[in-house]
Amino acid sequence: MADIFQADLQNREHQIAIIKLIDQYAEDEMGQGSGLRASVRQSLLDGLVRRPWIHVFLAQQQCEFVGILVSMEGFSTFNAAPLLNIHDVYVRPEFRRQGIAHRLFSYAEVKANDLGCCKLTLEVLEGNHLAQSIYRAMGFTPYSINEHAGVAQFWQKYL
Numbered sequence: 001m002a003d004i005f006q007a008d009l010q011n012r013e014h015q016i017a018i019i020k021l022i023d024q025y026a027e028d029e030m031g032q033g034s035g036l037r038a039s040v041r042q043s044l045l046d047g048l049v050r051r052p053w054i055h056v057f058l059a060q061q062q063c064e065f066v067g068i069l070v071s072m073e074g075f076s077t078f079n080a081a082p083l084l085n086i087h088d089v090y091v092r093p094e095f096r097r098q099g100i101a102h103r104l105f106s107y108a109e110v111k112a113n114d115l116g117c118c119k120l121t122l123e124v125l126e127g128n129h130l131a132q133s134i135y136r137a138m139g140f141t142p143y144s145i146n147e148h149a150g151v152a153q154f155w156q157k158y159l
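Residue numbers (UniProt numbering): 1 to 159.
1. According to the neighbour-count rule (16 or more other Cβ atoms, all chains shown, within 10 Å of its Cβ), is residue 97 buried or exposed?
2. Since residue 23 is in the alpha helix (DSSP H), which residue starts that stretch and which ends it?
3. Name, in chain order, the residues that DSSP records as bridge partners for residue 85.
4. Measure how close the beta-carbons of residue 104 and residue 88 come, nearest whole angstrom, since I'm counting them as under 8 Å.
5. Mapping the DSSP letters down to three states, classify residue 80 as helix, strand or coil.
6. Would you report the Cα separation of residue 75 and residue 10, rounded to the nearest angstrom?
7. According to DSSP, is residue 4 helix, strand or coil?
8. With a threshold of 16 other CB atoms inside 10 Å of the CB of residue 121, please say whether the residue is buried or exposed.
9. Between which two residues does the beta strand (DSSP E) containing residue 54 stretch?
10. Give the DSSP-derived three-state secondary structure of residue 144 in the structure shown.
11. Relative to the C-alpha of residue 94, which residue among 7, 24, 14 is closest?
12. Assuming residue 71 and residue 108 make a contact with CB atoms under 8 Å, what is their CB distance in whole Å?
13. DSSP state of residue 158, grouped into three classes?
14. If you follow the alpha helix (DSSP H) that residue 132 is part of, which residue opens it and which one closes it?
15. Can you grab the Cα-Cα spacing for the pair residue 59 / residue 13, in whole Å?
16. Nearest CA to the CA of residue 4: which residue from 111, 143, 28, 35?
17. Pick helix, strand or coil for residue 47, following the three-state DSSP scheme.
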């Protein structure tokens with residue numbers, strides 16, 4: 001069974017695992033379909049370290065790092081309370097269907113409760129039906145204020 005823990009961003013072994021797992025996630029069809037650019041691999045850790053509101057959780061089975069969850073603290077203005085957004089979740093293909101993602105989420109939920117968060121949020125690709133079914137089973141639902149307004153969409157603008 002995999003051990004789940006918060007990554008120590010100063011630990012070289014954890015640093016290597018973070019870069020490797022995020023690169024593998026980027027290569028995945030539900031990532032960006034290609035690995036991280038060299039410049040991103042070079043600056044990823046510095047970017048994480050400089051943002052103490054980012055929490056990275058790792059899954060390790062025996063001596064192998066097999067999964068990662070990256071979350072970011074945010075704030076719900078409608079609840080006047082912090083929230084924890086789950087930004088990245090990845091489990092290596094050969095370790096999937098063993099409950100590792102579920103355990104990463106459980107660990108993140110404990111962290112969110114410790115931080116006094118009112119909710120967990122995440123974004124998921126419309127075509128990622130497997131992830132959607134897993135998230136639903138864990139109690140997540142598409143974000144909607146009311147049925148007339150519809151479901152929220154996640155948009156972006158590159159700068």
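Idealized CB from N, CA, C, for every residue including glycine.
The short version:
1. Classification for residue 97: exposed.
2. Note, residue 23: alpha helix (DSSP H), 12-27.
3. In the DSSP output, where bridge partners are listed per residue, residue 85 has 72, 121.
4. With a Cβ gap of about 10 Å, residue 104 and residue 88 do not count as contacting.
5. In the displayed model, residue 80 falls within coil according to three-state DSSP, outside both helix and strand.
6. Rounded to the nearest whole angstrom, the CA to CA distance from residue 75 to residue 10 is 27 Å.
7. Here residue 4 sits in strand by DSSP.
8. By the neighbour-count rule (16 or more Cβ atoms within 10 Å), residue 121 is buried.
9. Element bounds for residue 54: 54-61.
10. Looking at residue 144 - three-state DSSP - the assignment turns out to be strand.
11. Nearest C-alpha to residue 94 among 7, 24, 14: 24.
12. Between residue 108 and residue 71 the Cβ distance is about 5 Å, and since that is below 8 Å, they are a contact.
13. In this structure, residue 158 counts as coil in the three-state DSSP scheme.
14. It spans 129-137 - the alpha helix (DSSP H) in which residue 132 sits, taken as one unbroken run.
15. Roughly 13 Å separates the two Cα atoms.
16. Scanning 111, 143, 28, 35 for the CA closest to the CA of residue 4 turns up 111.
17. In the structure shown, residue 47 falls within a helical segment according to DSSP collapsed to helix, strand and coil.
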